[in-house]
Each structure stands twice: as C-alpha cells, then as structure tokens.
Amino acid sequence: MLSELRTSKLSPHKYYDLYMRAFDELRKLEIFFKDEGKHGVSVVDLYELVQHAGNILPRLYLLCTVGSVYIKSKEAPAKEVLKDLVEMCHAVQHPLRGLFVRSYLAQISRDKLPDIGSEYEGDDGTVMDAVEFVLQNFTEMNKLWVRMQHQGPGRVREKQEKERNELRDLVGKNLHVLSQIEGVDLEMYKETVLPRVLEQVVNCKDDLSQYYLMDCIIQVFPDEYHLQTLETLLGACPQLQPTVDIKTVLSRLMDRLSNYAASSADVLPEFLQVEAFGKLSNAIGKVIETQVDMPAVGAITLYVSLLTFTLRVHPDRLDYVDLVLGACVKKLSNIPKLDDSRATKQVVALLSAPLEKYNDIVTALTLSNYPRVMDHLDNGTNKVMAMVIIQSIMKNNTCISTADKVEVLFELIKGLIKDMDGSDVDELDEDDFKDEQNSVARLIHMLYNNEPEEMLKIICTVRKHTMAGGPKRLPFTVPSLVFSALRLVRQLQGQEGDIVGEEVPATPKKIFQLLTQIIEDLSTVPSPELALRLSLQCAEAANDGDLEHVAYEFFTQAFVLYEEEIADSKAQVTAIHLIVGTLQRMNVFGVENRDTLTHKATGYSARLLKKPDQCRAVYACSHLFWVDDQDGVKDGERVLLCLKRALRIANAAQQMANVARGSSGPVTLFVEILNKYLYFFEKGNQQITGAAIQGLIELINTEKQSDSATPDSASDAFLASTMRYIQFQRQKGGIMGEKFESIKL
Amino acid sequence: MVLVLAIGDLHIPHRAPDLPPKFKSMLVPGKIQHIICTGNLCIKEVHDYFKSLCPDLHVTRGECDEDSRYPENKTLTIGQFKLGICHGHQVIPWGDLDSLAMLQRQLDVDILVTGHTHQFKAYKHEGGVVINPGSATGAYSSFTYDVNPSFVLMDIDGLRVVVYVYELIDGEVKVDKIDFKKTSTTRSAH
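Those protein sequence lines, which keep their order, are chains D and G.
Counting in our numbering, the first sequence runs from 288 upward without gaps.
Counting in our numbering, the second sequence runs from 72 upward without gaps.
Encoded structure:
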C-alpha cells in the first residue's frame, strides 16, 4: 500500500486522497506496533528493522510511525528521534512526495514535542529542540514546495500554480504548530522563530511562497508579538520579490493591528511605545519607492489602510492623519490626473474615512492636506466628494461657525460652487445640477454664529464665493443668503441697546446695503420675480426696524422690477398680490410716501390684462386705505372709491362676455365685491350704507335673472352663503345686529 | 377614522435646510390617508417626500414654489366634510380672518386650510373652520419673529373633526387638540 505513494502520476488533490487512506491504515499499524506483546519485538529493534524496507518512501513512512511509538515509549529522548527523522526525510527530494511525507512527520510528532509542561520535556529535550525541529521541517517543506514551480512552460504553468496553491496549507501548518507551542514566548519568537522563518521566506525568492507565508505569519501569531517585532517584520518587506502583492500583506497587517487596538483601550500605550505609526508609514513609503511600477490604485489602497489604522489607534493625532494625506498627495503629484476608476474609488474612501470617524466636519477642515488630495480628483469625482461632505454636515447637524472655516469649506466644495477648468457644464444633467445647487442652498443655513460681527463676516464670505458661481447658480444660492442676512437683521434689531462709541460694523443699515447689492446680483440671471419677492421681504424687515427710507428704496426696487421686467400675466397677478399685501402691512411710511406707493400699486392693479384679475386686484387695494390696527389710515371714502371702481370693472367684464360669447359670465365677481362691502360695513366705514349693500344685492339678483345669464352653481352657493352670513349677523343682536338690520332684504 | 395631514410653508431650501428630525421621525408612510399642503415647499424633493408618506397628496401654489403648475386653490370631500385649500398670499389682508371667511364662503367648504403667515391658527366662525398649520420647518416669516415649527393632523370621524396641532417648542414636541362638530343642517347638498 505504501508503495502506491511512490507514484508520480497523481495530481496533488488525488495524492492527498491516497495519503489520507494510507494515513488511516498507518494509524492501525501504529497501534499494532505499540502493543509489543503482540509482535514481540522491542521498539528499538523495530526502529532498526523497518529501515530495511526496500524503497525509500515506504521506509520513511514506516520509520516515522515507529518513531512515534518510540518517543511515546520514552526509551529514547524525543529530541534525538525527532532530529533523526527530520534529517532522514531529506532522502525524498521529489516535491510532492517529499511534502507529504514531511507532513506526515509533522502530524504524528505534534503531540510529542518537548514543550514546556509536556511529558517529553527534560534534560534531553527542551522547547528549543522542539522549535528547532519544527523550523527545520518547515524550511525543508518550503524548499520542496518552491521547487514545484520550476517544472514546465506557459499554460502548464498556470495549472501547476493552481495545484501548488492547493498544497500551501501543508507548509503553513508548521507555522501554526510553532504558534501553538507554549514555550514560544515573545522572547523566543523575537530572537529565534521570526528571524529564522523570515530568512527562509526571503531566501526562497518565490513570490507565491512569500506572499502566502507573510500572510500566514500575520494571521497565525498574536498581535502583541507583531507589535513588538514590527521593525523586523516590516524590514523583510522590501526584500521580497517585486511581484509579491505586498500591499495586501501590509493592509492585512494594519487591519489586524487596527482591530487589536479597537479591542481594548489598554493596548493603545503599547502602540505608542513601539512607535507603530512611524514604522508603518516608513515601511509603506519604502515599498512605494522601490516598486516604481506599482499602479496608483495600489499605493492609494495602502494609504487607505494606514489611514484606517491611524484613525483607530491614534484618533486624536490629527497630525498623523494629515501626514498620511500628505504622503498620498506626494504620490498623486507624480502622476497626471487620475483616470483609473478603482484608484478614484480609493481616493474617495481615503477622504471619506476622516468624515465618518470625526462626525464633526470641522475637524476634517483642519487637515491641511485634505483639499490638496481633493484637487487630484477629476471634476466629476470632486463634485461627488463635495456632496459627501455636505451630506455629512447635514446629517450631523454640524454648525460651521467662523468665516475662516467657511472659507476652507467652500474651497473644498468649489467644484459645486463654480465652473471648474475643463468641466463642460452643458453636459451636466439638469436634475443633478439642481440637486447640487439645492444642497449648497441648504448648506448655507448651517453656517452660523451668534456673534453678529462674525456672522456678518460669514455672510460676506459666502457672498464672495456664490457670486463666482455665475447666473446659473445665483437663483439657488441668493435666497438662502438673503434670509441668513435677514435673520441677522432681526437679531440686531432685538439687541438694539447701548452701542458703544467706537464703530460697530454690523448694523441693520449696513446689512440692508449689502442686501440691496445681493438682490441686484440677480439681474445678471435675470430673475425678476425672485428679486421682487426678496425686495419686498427686505422692505418688511426695514419696516420692523423703523427705517422708512430703506423700506421705500426696496419698494422702488420692487416696482421697477414689476414695470420693466415682469411681463407674464400670471406672474404679474402674483406680483400684485405680494406688493399690495406687503404695502398693506407697512406702518413706517409717512403720508406722502405711502400715497405715492399706494397710487402706483392701484394703478398696476387696474392695468392687469384680464378683467377679473383687474377687478380682484382693485378691490384688494381697498384694504390699503383701511388698516385695522393703525390710527390714521381709515379712509372710508377712498375705500368706497376702490370698491366702486371694482364694480365698474366687473360690469365691463359682463358686457364684454355678452358681446364676445353671447352670454354674460357668472356673477361671482359681484358677490366677491358684495362681501367686501359687508367687510367694511362691519368695520364701521360710514361711507358704506345698508342701502348701498341692498342695491348691490338687487343688482346681483337682476344679473342672475337676465336672459343672457349663465346659470352657475358655484356662484349661487357663494351668494347663498353670503346671505346666510347676513342673516347670522342680524340674529346676533346688539350693535352688530342693529347694523345688519338696516340691510333690507 | 380618517387621518389628514395639513402641512406647509416649509421653504426648503431657501429659508430652512430640512424638516426637524423629531417631525421626520413622526411622519411615517402608511399612517395618513390624505395630505393637504398649503404651498411653499418649495422644491420637487419635498413634493416627492410627501408623496412617499401618502399617495393622496393635494398641493396649492405658494408664491415661492418652484413648480408654478400647482392650482391657486383646491376643494375636496373627505367623509362628511368639504375641505378647501389655498396658500393665502392671494387673500388680502394676509391672515385676516374675515377675508379668509369670505374665501371659505366662495369655495363653499366646511374647513378651509390656508397658510402664508407661518402661524398656527384654528378658528371657528359662522361658515365653518379656518385652519393654518403654520410652517413645518419654522421658516423665517415677516409676520412673526417667533416661529415654532408646526403641523396639523385632522381626524375626521362622521360629523366630527378633531384637530391635533404639533408644535416644536424648545426642542420638545407639544401636542394640543381642538374639537369641531358639524351640524348636518348647515349645508344644503350640492
């Protein structure tokens, strides 16, 4: 049976199956050998006997089996037997067969090593011997394994490499055994085990072996050992074959160490003591330097691992973080713009790591190399990264509170703020562009400081940057900026107390001046409707601050925009609503100014295109002459004049409809005006009498009953509910009831 | 029991970055049957967000809305109640309850939902109820310096509607409720 193992024809996989079968049989044989009584031969003699077996391979298997019994019997020191066996195996130089026979030796010797506390320890066997034995077996096995690659050309090679790979655990097992030996403490690992293993790894000059074994060392031995032997371990890296994927090895080492650091806070001082960061970054630097052909993605992946390590182990050392970023910048400077998508992904990972670690973006803003890394991204990725930054701020509700930090932030996101060189804006998707700009608009609300001086600085900084965005971006960013400024004005108005003698830069007046300029920027777009809305908001704010001239200026601005730039009918109607609505609330104007503005507003209203719009706007203007909570503006006559004018327009509308369509429209407008009559009647406008209201009701009824009337349920319902209202008021009794009694129905 | 969310005047992104997190965690899909929005969202993102909470979304146009195709006003019937929506910048004087009552008569609705002032109001008059859900983000308003984020949830059950108002005051969500009953004789059928 053992002769079968002499074959060269089997693939490693098949050989392994055969081996396992043999192994099982050999177990039984071992039991037989042990039972001296059964065969009557002493184990010493047995040991001698089996060496007469014909062929070398079966001879060795039998020898190892007997050797196992021999050691167990303690008739010879374990170290002697083991030494003998490991050297005897030299006889098999065929890689596959040799690997398996040595593997067999390793398997059966596992529990017989003279380790500390084992029964085999003593004068004739120490841990050193055990270690020596395993190291020797390991070294020989690796040599055999390496030799397997030198057989055959081209495609055959590929197959062979695959087969070789299947055998690697046989070699690696030895390292595993070494890690399990109790007696191998840090001292022994440092002085003996690691140097010897590394020696073999380096000398074998085989990339497959080197990669596997380095990884094995890292996975199999404890992390504390790695920390303490960092220099030695890292020292081997540059000596490895250039084709070895050393970056993956280093990454895995750093990942293990990162996890180790995360496991407990007690281990962190150790990291500092061995200067882990320094050693690792030096090692990486050397590797990148020596492997000139390493593609960008490789180098950056290394830096990502190092950064992850740094963030876990030394999160408070921002200088370390900055160093890593700086090293990456240096590497990126040597290559033209990144066009490898995997490398780009790694750079984004590099930049995102500090954001995720320090939820506070402000920390990331202090890293001087951060913007420099971003500069090396292509425009598209740069914008993606900028969005990541903004989202981080929004998610964590971070407040950026100084103008300097705002400056740094806007430098980082400049890809969103303005057109970058080489970027073709036309090919940008419109929806994406809107999303980007809306994100920037939201971001502006996160830039805030309680101190008015600093807040004003922030506003100016933001303005400076947003202006560079050009007409495409201003409609998105200007509103946010305006409302930020208006909030500051409010804060200052609240604070109006003792203003100390020296110049106080942040005053409402100054901010209103700034606001005027900001709104004027919109003329480059142009965006008159937006500018009008913002002007009116500023007018109201000025009103609250008792600044009559400033408020008047903003109204002028709004009116000019209306006259010169708002031509769309629907937009005009909305604009009128806003103008009249705002003006109605103004209490800062003196009589003259108020008259001028009211006159203008009423004029615009009367000149709207469609008659119904005209009518409604004009009766809305009636409220300009009657303000409930202010003394003085209760001009009953002019109210009535407005309402009458509205009535004339409504009439004209009916006649036009008659001519144009053959029937008059619904009486809705009249009912609306009736309601307005009632409104002012209730408020006590003397000019509106019960008789007038009666007359209007009769007019409506006449219109409804005329031949050309179009029946309309909505206006009927409206009239009905209005009549119900009158009834309701009558039934109230008291002064109101009396008043409404004067309306004869 | 029919739940109707009345919400509006968010002014995202011009005056506010987002809904308060405490409101966002309360507004989950599947709980609300209708959403009534007074306007001034202002961007499509907010529209889509509301749509994800409830597919039956009704929006009227605010003066700052990006989409100018929303109607000026809208009426709908939920159970026994007729509701009307209008942003309110069209009704002058702004916030004037008598003028809003006129609009209510014109639209012929039991409940008028309106906004623009960013101040919560629930007002009953002869013709029905006027509700202003305020601003869901507490956005800047020229009407008042103190805008607390707020929205309204109406529970319509037969002839009764319970109005719950949710306000964010000093970081805490405070709830208040008001009952309104409709007498079936007030309205003639249309």
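Where is the CB? At the ideal position from N, CA and C, for every residue including glycine.
- Message: Quick check for students: name the residue ranges of the alpha helix (DSSP H) that lie wholly in the stretch 106 to 155 of chain G, counting only runs of 4 or more.
- Response: Counting only runs of 4 or more residues that sit fully inside the stretch 106 to 155 of chain G, the alpha helix (DSSP H) segments are 115 to 124, in chain order.
- Item | Bridge partners - N490/D, DSSP secondary structure assignment | For N490/D, which the question treats as bridged, DSSP gives no partner whatsoever.
- Under 8 Å between C-beta atoms of R242/D and P84/G: Outside the shown range of chain D (288 to 1032) lies residue 242/D, about which nothing can therefore be said.
- Message: Please give the ranges of any beta strand (DSSP E) in the stretch 149 to 193 of chain G, keeping only runs that are unbroken, at least 3 residues long and fully inside the region.
- Response: 152 to 157 and 182 to 185
- Task: If I'm right that V180/G touches T146/G with Cβ under 8 Å, what's the distance once you round it to whole angstroms?
- Result: 6 Å
- Is the CB of Y211/G under 8 Å away from at least one CB in chain D? yes
- Message: Less than 8 Å between the C-beta atoms of N219/G and E243/G, yes or no?
- Response: no
- Item | Among E448/D, S568/D, V489/D and R397/D, nearest to S466/D - alpha-carbon criterion | R397/D
- Message: Looking only at its chain, what residues have a beta carbon closer than 6 Å to the beta carbon of L168/G, apart from the 5 residues adjacent to it on each side?
- Response: Contacts found: Y194.
- Give the DSSP-derived three-state secondary structure of V907/D in the structure shown. The sequence given here has Ala at residue 907/D, not Val. Residue state, collapsed to three classes: helix.
- Message: So the candidates are M754/D, G756/D and L775/D; which of them puts its Cα closest to the Cα of E740/D?
- Response: L775/D
- Item | Three-state secondary structure assigned by DSSP to F251/G | strand
- chain G residues whose Cβ lies nearer than 8 Å to that of L1015/D: Looking at the sequence itself, residue 1015/D is Phe, so the reference to Leu does not match. Neighbours of F1015/D on chain G, chain order: E197.
- Item | Simplified DSSP state of Y645/D, which is helix, strand or coil | Residue state, collapsed to three classes: coil.
- Query: Within 10 angstroms of its Cβ, does H158/G collect 16 or more other Cβ (buried), or is it exposed?
  - Reply: buried
- Item | Residue ranges of each alpha helix (DSSP H) within the stretch 526 to 567 of chain D, 4 or longer | 533 to 550 and 555 to 560
- Query: If we ignore side chains and look at the alpha-carbon of each, how far apart do Y303/D and V649/D end up?
  - Reply: 59 Å
- Which stretch, first to last residue, makes up the alpha helix (DSSP H) that contains M307/D? If you look at M307/D, you'll find it in the alpha helix (DSSP H) that goes P299 to K321.
- Query: Which chain G residues sit within Cβ distance under 7 Å of V867/D?
  - Reply: I163
- If I'm right that S810/D touches A845/D with Cβ under 8 Å, what's the distance once you round it to whole angstroms? In this structure, S810/D and A845/D do not form a Cβ contact; the two beta carbons are roughly 13 Å apart against a cut-off of 8 Å.
- Message: If contacts are defined as beta-carbon pairs under 8 Å, then A417/D and I468/D qualify, I think. What distance do you get, rounded to the angstrom?
- Response: 6 Å
- Task: Would you mind telling me which residues of chain D sit closer than 8 Å to E134/G, beta carbon to beta carbon, in chain order?
- Result: Going along chain D in sequence order, the residues near E134/G (Cβ under 8 Å) are R820, T861, H864 and L865.
- Task: Can you tell me which of the three DSSP states L834/D falls into?
- Result: coil
- From what residue to what residue does the alpha helix (DSSP H) around Y607/D run? For Y607/D, the enclosing alpha helix (DSSP H) stretches over residues L605 to S620.
- Rounded C-alpha distance that separates G781/D from E134/G: 28 Å
- Item | Within-8 Å CB hit, M173/G to chain D | yes
- Given 8 Å, three or more beta-carbon pairs between the stretch 875 to 884 of chain D and the stretch 168 to 177 of chain G: no
- Message: Taking the beta carbon of H697/D as the centre, do at least 16 other beta carbons fall within 10 Å, making it buried, or is it exposed?
- Response: Contrary to the premise, residue 697/D reads as Phe rather than His in this sequence. Per the 10 Å Cβ criterion, buried.
- How would you list, in chain order, the residues of chain B whose beta-carbon sits under 8 Å from the beta-carbon of E959/D? Chain labels in this structure do not include chain B; the protein chains are D and G.
- Does the separation of the CB atoms of A818/D and F842/D fall below 8 Å? no
- By how many angstroms is the C-alpha of I1030/D removed from the C-alpha of L881/D? The residue you asked about is not Leu; residue 881/D is Arg in the sequence shown. In this structure, the CA atom of R881/D is about 34 Å from the CA atom of I1030/D.
- Query: Using a C-beta to C-beta distance shorter than 8 Å, which residues of chain G count as neighbours of E827/D?
  - Reply: Taking a Cβ-Cβ cut-off of 8 Å, the neighbours of E827/D in chain G comprise S213, given in sequence order.
- Message: For a cutoff of 8 Å on Cβ pairs, would you count A207/G as touching chain D?
- Response: Using beta-carbon distances, A207/G does not count as an interface residue toward chain D, since no partner is under 8 Å.
- Item | Supposed contact pair I960/D and Y906/D - C-beta distance, whole angstroms, cut 8 Å | 6 Å
- Message: Between which residues of its own chain and G354/D is the CB-CB distance below 6 Å, once the five residues before and five after are set aside?
- Response: The beta carbon of G354/D sits closer than 6 Å to the beta carbons of V368 and L372 from its chain, once the five residues preceding and following it are set aside; these are given in chain order.
- Message: Using the Cβ count rule (16 or more neighbours within 10 Å means buried), how would you classify M943/D?
- Response: exposed
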